[in-house]
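I have placed the structure first, in the form of structure tokens, so that the comments after it can refer back to it.
See below:
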């Protein structure tokens, strides 16, 4: 083996081998096990969230594959309607054309061309993570099979009365000219204003204070053109007498009522709220309660209309109101109109005041523009009938959430569910399978031919297909079964559905998880005609944050790219990457400075296994993940430790008899029996952790066993046998057998977590360990045999470790060189301690570098010595002759002088009332902790000094 572990030299080659040999495909076991990948956007690039959830999924898939399950990890990507359309539109803009110049058909040809040429970046990156996906079954949400499934689902839901078209408020992107979902809206904390406007009371009415107007406050003055009421709280005594009276809407002159509604907060502002049902989601609900008109004053680009569009609350056209708007605002952008409206109100002395105001501003995650609640015709799924069985499936335990508390989030959303807007005003996506005749009547079918046949429409009837496409969440809601061939009853669908596990973030429990459950249970039936669940377990993970717990974002300059951690990146390229394409270019210098401080030498190449093990170690279910580069370095060191341990094992086992022939002509030492037993316990712990999705505990169990016990102790304990000329052939064979077998088993234990290094080492040692097979991926996962747990051997070795650690601690405290052989005395022990000493005297002398070991019986005089305890047993290292007393006293006195000085400085700071009162509590606590540390260190060194002085006396 090479002297150092170089992950770059093996990872890509092993992945290529695995994929080419078809190891990722189902292998034909009796028990199916299936995970569907949350389909990443085809436009996407790998981010830390992908890195984390792929590490979790791959660990579970590899674990079940090694258990002999027929394992399918279904690969696929999402067509990402808005994102993909924007990418191609930007390309067209660079050619000085737009999609309308091309027309729909030619534009879609360009999108497919882009997809074929550039849409596979994310899949290449997933391979770099070691994700053992079945690439032979890769699906795309716009491929022919999934497109057929989408049309089938739409038609069935429509025929069942669960899809309808209606006019309602949606999140509208005025730049992209489409409705978007809540998950595509980002709420930004921004500074704005609160305009306090005077609304004149009609018919000479006055307030209890004698004023002839009410003051309402708004952050969006331009929407006042569409006001239909002013609301007050029904119990607000200031305005009770005015309920039912009317306001003269400024600038428009329309009379609008004063209504009472509990939505109003009496304590906020003046207690009067303008109600604009066509431009605010909360106002829309108020409007429904009071049967108000819907007055839309904006066009699709958020410009003011010349004439308002007025509808009944059910969305039907209303023609009994004056729809004219002031000509001065017609065609103005909403923000230009805002300035003009405020100026006009001020000129009419109707502007009471303007306050600065911090507010949440909803912006489109793709366009960056402020989203408008806008009234428009859209297609909807009626969700309440679908929600009932989906709620029951979780209540009955058919679907389990891990951790369980996320069920509460699921229930709260599902029990207050609103109908789902599924249409988007885009060209890229699944076009809605609905056609209109010249009168506007709608017909739904799988294609135009089916529509004509179903409704007896002759060729003379003109039909035009709906221009809208379906929300991408609609097609991804069918993901678990459409990828397996539905609506055809394929063998894969029969075998692998319902799937076993879904791994996802908490932020899309409603947008994806809940919708998959609803859609699947309605559309997919079991042999008894009952709705099938899509998956049995939902593993919910948190967000991957930076080491300080902040959300990773480009604007903060704290984003990490998993591939940069795997492959490494120099500082200049890292700076360029983090400062490119910022929404606020002025942030670039700050981000550059921060990056140079955090990564002065760039990021080293750590390899995939180190990154995966880091992710797994952080996978404590449900919590947000604080990602620390120090952990990656630690796990890279762990991989190096595995590599070096293997080199040691091979040096002592290659070309040697390691008992591979299955005979029993070997003898196991105490250390052999101990490490074999400890491995059984570690195997049991890892299985329990993996079975309960606690990858953090699995990682911890393996780390502690392999590094702390196998490497730090067992390899050392094996040397006295391997290197002892007096050891028998059976003893040597037993130790060699244990060395190689425990290492080989450890590789299989760790393979789900760190696949590359375990495969590389396993291929080199499998024959020595008596194993066969092409790949560790298909080797059996270790199963604990509690009969091999030798409790006596474990207790004896723990005693031995305690003595050795005690001696090492004394060496460290007394500054005795590790290479200096020293005498050791023992006293106050029992007969069991004496027996253990005699059985392990050779081990002790070699591992602790002792020149002698003396047992002191009752009445024997003990030398002046440094002492450590192992239970009640005292171990003593005499000081005389081992150290330069004068030099050690001088060193200790110098260190004590420094510690007293530092302690005095901290004590002075904490004695300063100014500091204690004004400094943050965390800073004060930190200083108190320092003081306690200095005090403890002074006490310990003072005790050492007393011992040294006693020797001198």
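In UniProt numbering, the protein residues as written are 1 to 953. Backbone N, C-alpha and C fix where the C-beta goes; we use that ideal spot for every residue, glycine too. Since we're looking at a predicted model, the values are computed, not measured.
Query: Given this structure, state the Cα-to-Cα distance separating residue 379 from residue 183, to the nearest angstrom.; Result: 18 Å
Query: Which one of 202, 367, 751 and 223 has the shortest CA to CA distance from residue 185?; Result: 367
Query: So, does the segment 803 to 820 touch the segment 867 to 884, judging by three or more C-beta pairs under 8 Å?; Result: yes
Query: Compute the Euclidean distance between the alpha carbons of residue 411 and residue 87, then round it to the nearest angstrom.; Result: 37 Å
Query: For residue 610, which residues in the same chain have their Cβ closer than 7 Å to its Cβ, ignoring the five residues on either side in sequence?; Result: 632, 635, 636 and 639
Query: Taking the straight line between their C-alpha atoms, what separation do you get for residue 42 and residue 588?; Result: 28 Å
Query: Compute the beta-carbon to beta-carbon distance between residue 39 and residue 68, rounded to the nearest angstrom, for a pair I have assumed lies under 8 Å.; Result: The Cβ separation is near 28 Å, so there is no contact.
Query: For residue 674, which residues from the same chain have a beta carbon less than 6 Å from its beta carbon, with the 5 sequence-adjacent residues on both sides left out?; Result: 793, 794 and 797
Query: Could you say if the segment 52 to 71 and the segment 86 to 103 meet the contact criterion of at least three C-beta pairs nearer than 8 Å?; Result: no
Query: Compute the Euclidean distance between the alpha carbons of residue 863 and residue 855, then round it to the nearest angstrom.; Result: 12 Å
Query: For the alpha helix (DSSP H) containing residue 475, list its first residue and its last residue.; Result: 472 to 476
Query: Between residue 574 and residue 595, is the Cβ-Cβ spacing less than 7 Å?; Result: yes
Query: So if DSSP puts residue 800 in a beta bridge, which residue, or which two residues, is it bridged to?; Result: DSSP output for residue 800 lists no bridge partner at all.
Query: Secondary structure at residue 427, three-state DSSP: helix, strand or coil?; Result: coil
Query: If contact is defined by three or more beta carbon pairs under 8 Å, each pair taking one atom from either stretch, is the segment 482 to 489 in contact with the segment 139 to 153?; Result: yes
Query: Three-state secondary structure (DSSP) at residue 333?; Result: strand
Query: Based on the DSSP secondary-structure assignment, which residues constitute the bridge partners of residue 229?; Result: 275
Query: Taking 6 Å as the limit between beta carbons, can you name the residues of its chain near residue 840, skipping five residues before and five after?; Result: 800
Query: Using C-beta distances below 8 Å, list every residue in its chain close to residue 748, excluding the 5 sequence neighbours before and after it, in chain order.; Result: 66, 758, 762, 776, 779, 780, 781 and 782
Query: For residue 476, is the classification buried or exposed, using 16 other Cβ atoms within 10 angstroms of its Cβ as the cut-off for buried?; Result: buried
Query: Note down, in chain order, each residue of its chain lying with its Cβ closer than 8 Å to the Cβ of residue 386, except the 5 sequence neighbours on either side.; Result: 162, 518, 519, 521 and 522
Query: From this set, 15, 205, 171 and 194, which residue's C-alpha is nearest residue 131's C-alpha?; Result: 15
Query: Could you check which residue in 752, 741 and 566 has the C-alpha nearest to that of residue 9?; Result: 566
Query: Could you give the DSSP three-state label for residue 135: helix, strand or coil?; Result: strand
Query: How close, in whole Å, do the beta carbons of residue 308 and residue 296 come, if the pair is a contact with beta carbons under 8 Å?; Result: 6 Å
Query: Straight-line CA distance for residue 22 to residue 29?; Result: 15 Å
Query: Express the C-alpha separation of residue 676 and residue 865 in angstroms, rounding to a whole number.; Result: 37 Å
Query: Taking the beta carbon of residue 726 as the centre, do at least 16 other beta carbons fall within 10 Å, making it buried, or is it exposed?; Result: exposed
Query: Check whether the Cβ atoms of residue 221 and residue 338 sit closer than 7 Å, and answer yes or no.; Result: yes
Query: Return the Cβ separation of residue 962 and residue 24 in integer angstroms, given the expectation that the two are a contact with Cβ distance under 8 Å.; Result: Examination of residue 962 is not possible in this model, given that the chain is present from 1 through 953 alone.
Query: Quick one: what's residue 260 bridged to in DSSP?; Result: 232
Query: Can you list, in chain order, the residues of its chain with a C-beta nearer than 6 Å to that of residue 982? Leave out the 5 residues immediately preceding and following it.; Result: Beyond the ends of the chain as shown, which are 1 and 953, falls residue 982; an answer cannot be given.
Query: Quick one: give me the first and last residue of the alpha helix (DSSP H) that residue 565 is part of.; Result: 562 to 567
Query: For residue 56, decide whether its Cβ has a neighbour in chain C, counting only Cβ atoms nearer than 7 Å.; Result: The structure shown contains no chain C, having only a single protein chain.
Query: Please identify the residue among 375, 325, 322 and 396 whose C-alpha is closest to the C-alpha of residue 316.; Result: 375
Query: Among 187, 383 and 274, which residue has its Cα nearest to the Cα of residue 361?; Result: 187
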